[in-house]
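Heads up, the thing below is written out as structure tokens.
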Amino acid sequence: MARADPGHVLTGSHYLDGDHACTEGALSAGCNFIAGYPITPSTEVVERFARRIPTVGGTFIQMEDEIASITAILGAAWGGAKVMTVTSGPGFSLMMENIGLGAMLETPCVIVNVQRGGPSTGLPTMVGQADIMQARWGSHGDYEIIALAPQSPQEAYTLTIEAFNLAEKYRTPVMVMLDECIGHMTEKVVIPEADSIELTERRKTDKPPGEYLPFAVGEDMIPDMAHAGEGHRYHITSLTHDEQGYPVMSAEVQDKLVRRLCDKIRNNTDEIVMLEEDGLDDADVVVLSYGITSRVARAAVDDAREKGLKVGRLRLLTVWPFPERYIRELAERVKAFVVPEINYGQLVLEVERCAAGRAQTILLPHMGGDVHDPAVILQAIEEAAS
Amino acid sequence: MFNKAEKIREKYIREEMWPSIFCTGCGIGNVLSYTMRALDELKLDIDRCVFCSGIGCSSRLPGYIEADGLHTTHGRAIAFATGVKLAAPDLNVVVFTGDGDLAGIGGNHFIHAARRNADLTVICVNNFNYGMTGGQVSPTTPVAAVATTAPYGNLEEPFDLCRLAIGAGAPYVARWTVGYPYETIEAIKNALAKPGFAFVELLMPCPTGYGKENEQREPAVAWQWYKENTITRGDLGRLDPEQRAANRKIVVGTLWDVQKPEYTARWAEFVQSL
Ligand SMILES: Cc1ncc(C[n+]2csc(CCOP(=O)(O)OP(=O)(O)O)c2C)c(N)n1
Ligand code: SF4
Ligand SMILES: [Mg+2]
């Protein structure tokens, strides 16, 4: 494992909001290229990067829109950079086209979505968690991505670094699903010494020019990369392609490619998934949450425990790939899942699918603008436990 | 001449991708050979050239060149190429695009890249229609020309792509047609050598799409049309003022050539100054 460059890392304790912490995470991870377009509540991420990056070596560019932003970071990744773009709902929608290109060309990149209330222009300055399904399914065709959900400015920092590591390891777009609350919430953020930050390096090919095939893989199903201008004379295309990167219009090549694009992530779900469990050993009821909602859920769970209820907490740091097997097993031994989300029911569908009737699944929707009232979650726990 | 063509083909063409997808009489193959000739004459290191494109018949060009080729999504080649160039400023970044790719779906990227002036060479194959999808109307289809989605004739005014590029700030802009191979090669050479956003529009026949609908299916007829309906900038200048004002032919030639600070150089300078 490589270590972070001390020149990029602001070691020390800081008071930062989630947006600024996310920028520092990107810098610690060695991100040296961001293309973006201003949108509340994400703009602070790029503003800080625009100020910081010229002093440490790298590029920021404000593009003409979010389609251009996601496209430019993909180009920059093939030009050799470590790349990220940042947006919120309306821009996330525009990015969907070339998030698909990122998945198809297996381009390591990080996409930050500081979620606000939707649909459409929605609530620009207020919180939402309603882009969770879009993160997974927003571009057309079959593909898989990875998505992480920080619950604090500290995690906005650490999970952004993790997002870069996962993007490099699996050669895939990775999303950091922040939200307006965390983005704009200021807390203590501890940035460690650079040499304690482990970074996953790009999977560069060691093949000489003439032997390199851009999409040839071994057992782990992840191809090695070569940057443009390194003498390999490769061709890559958004069309269905073979190992050589050449377009092939056939059901056979399509089958092989799509399976690999999905399975390189699906088959590694257990390794990718990060979750935090608390009090699950004897729990009858599990409150499953992610992002800002976990913090509200925690208050409700603490209250319920004080009342003597057997309730546990499960927090997903990795939202996609969804921890299917884990939830399936948990559903065997608990009575109910309570799922508060700031949307009208998204990730709860996955919980329900995996629980498959073995445990009850209770949605606590909240349409956005602010967070849940912990009393509502407490009440749901009480009902589920009885 | 024949020998030279053979040599160029051997040197630059990705044989495994042959035969090409292009229809008989299509002008896109000419663009390929003119571009390779220009690269060769400039003695550019092909390993330091990157070819980006969007989607369309013309956007398939990078596939036929034995060099790094990045075939992206419809309309997005210039945005993608901007990322490549900014991340690796020493590379020669060339974009192949079509009239639809460039000025329809990709129009916003086109004008902003011209304004930003990063060093890209953009070669647009303008065949007056969406060739790949079977001959639909495009932002450059002439008024009254027929297309599958304008079966009674096009009612919209077309873009003059070169004027658009000039207006948006591109420092080098040229337009030629299939009938001017040497001038086209010179224009591509100039564009490659230009530090900044260089734009070359090449009017090319599409017998299958535009040609079929507009009595230009026969290559000879199409070539004749281009000859009769274009005038070089030099010839235009020699007309008397009245004739010049009355000219309705498409003007070809070097239409704009100025010096402007290039974006990646500016960025490097700014970083140095910190
Ligand atoms: C987003 C999107 N919309 C539509 C298409 C379908 N499509 C493929 S090529 C093309 C038109 C290409 O026209 P042009 O750029 O002029 O290239 P030509 O084929 O004429 O060389 C269209 C509309 C697509 N691939 N992607
Ligand atoms: S459809 Fe037109 S542009 Fe496309 S290959 Fe055929 S002739 Fe050329
Ligand atoms: Mg066209």
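Line by line, the protein sequences are chains A and B.
Note that the first sequence covers residues 194 to 579 in our numbering.
Note that the second sequence covers residues 2 to 275 in our numbering.
All residues carry an ideal CB built from backbone N, CA and C; glycine is no exception.
Computed from a predicted model, the values in this text were never measured in an experiment.
- Distances between the C-beta of Asp100 of chain B and the heavy atoms of ligand 3 include at least one below 6 angstroms.
- Secondary structure at Gln553 of chain A: strand, using DSSP grouped into helix, strand and coil.
- About 6 angstroms separates the Cβ atoms of Gly505 of chain A and Asp471 of chain A, confirming a contact at the 8 angstroms cut-off.
- Chain order gives the chain B residues near Trp271 of chain A as Leu71 and Val85, where near means a beta carbon separation below 7 angstroms.
- Contacts with chain A (Cβ-Cβ distance below 8 angstroms) from the region 253 to 272 of chain B involve Trp268, Phe271 and Val272, listed in chain order.
- In the DSSP assignment, Phe198 of chain B falls outside any beta strand (DSSP E) and carries neither an H nor an E.
- With respect to Phe23 of chain B, Leu121 of chain B sits apart: the two C-beta atoms are not nearer than 7 angstroms.
- Nearest to Ile429 of chain A by alpha-carbon distance, out of A:Pro416, A:Pro407 and A:Lys449, is A:Pro407.
- Not one heavy atom of ligand 3 lies closer than 6 angstroms to the C-beta of Gly235 of chain B.
- Using a 10 angstroms sphere on the CB of Pro262 of chain B, the tally of other CB atoms stays under 16, which defines it as exposed.
- Within chain A, the C-beta atoms nearer than 7 angstroms to that of Val51 of chain B come from Ala421 and Gly422, in chain order.
- Following the DSSP letters along the chain, one finds Trp257 of chain B inside the beta strand (DSSP E) bounded by residues Ile251 to Asp258.
- Taken from the Cβ of Gly105 of chain B, every heavy atom of ligand 3 lies 6 angstroms or farther away.
- Under the rule that a run must span 3 or more residues, the beta strand (DSSP E) segments found entirely inside the region 69 to 100 of chain B read 69 to 72 and 93 to 99.
- According to DSSP, Met277 of chain A shares a beta bridge with A:Ile227 and A:Val303.
- Non-local C-beta neighbours of Thr252 of chain A in its own chain, meaning closer than 6 angstroms and more than five positions away in sequence, comprise Phe226, ordered along the chain.
- A direct Cα-to-Cα measurement between Asn155 of chain B and Glu214 of chain B gives close to 12 angstroms.
- Below the 8 angstroms Cβ cutoff, chain B contributes Thr73, Thr74 and Arg77 as neighbours of Leu294 of chain A, in chain order.
- At a Cβ-Cβ threshold of 7 angstroms, Arg551 of chain A and Glu525 of chain A count as neighbours.
- Residue environment: Thr351 of chain A is assigned as buried (16 or more neighbouring CB atoms within 10 Å of its CB, all protein chains considered).
- In the displayed model, Ile124 of chain B falls within a strand according to three-state DSSP.
- Taking a C-beta distance under 7 angstroms as the contact criterion, Tyr336 of chain A and Ala296 of chain A qualify as a contact pair.
- Interface flag for Pro533 of chain A against chain B is unset, since no Cβ pair is found closer than 7 angstroms.
- Tyr131 of chain B has its Cβ nearer than 6 angstroms to a heavy atom of ligand 1.
- Nearest C-alpha to Glu259 of chain A among A:Gly250, A:Ala274 and A:Ser235: A:Ser235.
- The C-beta of Asp41 of chain B comes no closer than 7 angstroms to any C-beta of chain A.
- Judged by DSSP secondary structure, Ile384 of chain A falls outside any alpha helix (DSSP H) and instead within the beta strand (DSSP E) spanning Thr379 to Ile384.
- Among the CB atoms of chain B, one or more fall inside 7 angstroms of the CB of Phe226 of chain A.
- Rounded to whole angstroms, the Cβ separation of Gly57 of chain B and Gly107 of chain B is 10 angstroms, and the two are not in contact under 8 angstroms.
- A straight line joining the alpha-carbon of Tyr405 of chain A with that of Gly438 of chain A spans about 11 angstroms.
- Between Pro514 of chain A and Arg459 of chain A the beta-carbon gap is near 6 angstroms, inside 8 angstroms, which marks them as a contact.
- For Lys397 of chain A, DSSP records a beta bridge to A:Met418.
- By a beta-carbon distance limit of 8 angstroms, Asn128 of chain B contacts Tyr211 of chain B. Their separation comes to about 6 angstroms.
- Secondary structure at Ile338 of chain A: coil, using DSSP grouped into helix, strand and coil.
- When secondary structure is reduced to three states using DSSP, Ala119 of chain B falls in the coil class, being assigned neither helix nor strand.
- When the five nearest sequence neighbours on each side are left out, the beta carbons in the same chain lying within less than 6 angstroms of the beta carbon of His72 of chain B are those of Ser54 and Pro63, in order along the chain.
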